[in-house]
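*Asks:* If you read the sequence shown in UniProt numbering, its first letter stands for residue 1, the second for the next number, and so on.
Below are the structure tokens for one structure; questions will follow.
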Amino acid sequence: MAVSLAVVKRVAARLEAMLVVDEASVAARRLAAFRDAGVPLPRPSPTHVDTPVGTRYLIDAEMQKALSTFVRRSCLSFEETVRLWRGQHAADARPNKALRGHHLAWLPHGYDKQALLLKVIADGVCHNFREGSTIPRQLSRNHKSANTLENALCRSIREGQDAGTYLVVDIDVAERWSVLSYSPFGCVPKADTDPALEARVIHDLSFPVSASVNDRSDPDELPQLIYEHIGAIARRIEISSSALRLRQSS
1 MAVSLAVVKR VAARLEAMLV VDEASVAARR LAAFRDAGVP LPRPSPTHVD TPVGTRYLID
61 AEMQKALSTF VRRSCLSFEE TVRLWRGQHA ADARPNKALR GHHLAWLPHG YDKQALLLKV
121 IADGVCHNFR EGSTIPRQLS RNHKSANTLE NALCRSIREG QDAGTYLVVD IDVAERWSVL
181 SYSPFGCVPK ADTDPALEAR VIHDLSFPVS ASVNDRSDPD ELPQLIYEHI GAIARRIEIS
241 SSALRLRQSS
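Laid out in structure tokens, this is it:
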């Protein structure tokens with residue numbers, strides 16, 4: 001079934017409006033929790049400073065301090081802190097408010113992973129690790145590339161802080177959470193960008209060897225993936241685009 005561009009735009013606008021409402025609700029719950037703990041949320045701080053040698057990006061140290069104080073006072077577990085930050089609660093457990101499962105209950109009809117897709121949207125990704133695997137608790141140094149491109153790394157982390165996808169806390173707070181596994185950062189330069197300002201950040205989940213997150217993951221828990229050649233995907237896009245243009249012209 002083909003969908004017109006006008007319908008796509010209406011649906012996108014509706015989803016965007018619903019996301020704005022959801023994000024406001026998440027912010028309100030977060031603010032209420034901080035108030036209950038007697039911790040004021042800090043005002044937005046500068047993302048960077050201009051220096052004689054160029055732009056230097058900054059971690060939001062005030063938010064790091066406030067969040068760390070909040071966790072110490074409230075004694076929340078890592079899971080509880082993440083659920084609060086994502087706005088997950090009994091009435092809405094979605095970790096990503098930009099995803100909604102209503103239309104996906106009928107749109108991908110016949111897709112063999114439909115049930116898994118809907119579950120991930122509703123509850124997030126759940127993955128079991130190998131039995132008997134130990135979690136490395138030792139802090140590991142970042143890769144040399146992350147130190148070389150530290151400014152670009154700080155920019156990426158700050159963007160994650162502001163977007164609510166990264167939680168930056170003091171070391172003593174991280175050490176309270178026994179479920180955490182520490183992995184180093186690495187950075188790879190992007191094409192046509194200044195590596196001092198922007199880089200592709202890699203979270204090395206394959207380190208340390210034999211005790212990494214990837215080593216402890218159980219491959220039997222992962223859904224089987226069947227990769228389709230990019231040429232076939234490109235042909236489908238071309239056919240769909242041609243059909244859409246033909247329908248619009250008629």
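We put the CB at the ideal spot given by N, CA and C, even for glycine.
Between the Cα of Arg100 and the Cα atoms of Val11, Ile230, Ser242, which residue gives the shortest distance?
*Replies:* Of the candidates Val11, Ile230, Ser242, the one whose C-alpha sits nearest the C-alpha of Arg100 is Val11.
*Asks:* Near Arg43, which residues of its chain fall below 8 Å by C-beta distance, leaving aside the five closest residues on each side in sequence?
*Replies:* Taken in chain order, the residues that qualify are Glu62.
*Asks:* Is it the case that the Cβ atoms of Val173 and Arg72 are separated by a distance below 8 Å?
*Replies:* Yes, the Cβ-Cβ distance between Val173 and Arg72 is below 8 Å.
*Asks:* Could you tell me which residues DSSP pairs with Thr51 in its beta bridges?
*Replies:* Answer is Gly54, bridged to Thr51.
*Asks:* If you drop the 5 nearest sequence neighbours on each side, which residues of the same chain put their C-beta closer than 6 Å to that of Ser133?
*Replies:* Within the same chain, Ser133 has close Cβ partners Arg216.
*Asks:* Apart from the five residues on each side of it in sequence, which residues of its chain come closer than 6 Å, Cβ to Cβ, to Ala196?
*Replies:* Counting only Cβ-Cβ distances below 6 Å, and skipping sequence neighbours, we find Asn151.
*Asks:* Would you report the Cα separation of Leu58 and Thr47, rounded to the nearest angstrom?
*Replies:* Roughly 5 Å between the two C-alpha positions.
*Asks:* May I ask you to report which of helix, strand or coil DSSP gives Asp218?
*Replies:* The answer is coil: DSSP assigns Asp218 none of H, G, I, E or B.
*Asks:* Over the uninterrupted beta strand (DSSP E) stretch that includes Val168, give me the two end residues.
*Replies:* Neither: Val168 is in no beta strand (DSSP E) and is coded neither H nor E.
*Asks:* When the Cα of Asp220 is compared with those of Glu131, Trp106, Ser25, Leu76, which residue comes out closest?
*Replies:* For Asp220, the nearest C-alpha among the options comes from Glu131.
*Asks:* Can you list, in chain order, the residues of its chain with a C-beta nearer than 6 Å to that of Ile202? Leave out the 5 residues immediately preceding and following it.
*Replies:* Excluding sequence neighbours, Ile202 sits near Gly186.
*Asks:* Measuring alpha carbon to alpha carbon, tell me which of Glu79, Pro108, Ala105, Ala122 ends up nearest Lys97.
*Replies:* Closest by alpha carbon: Ala122.
*Asks:* From Val213 to Phe207, what distance separates their C-alpha atoms?
*Replies:* Their backbone Cα atoms lie some 8 Å apart in a straight line.
*Asks:* From Arg235 to His103, what distance separates their C-alpha atoms?
*Replies:* Arg235 and His103: Cα-Cα distance of roughly 26 Å.
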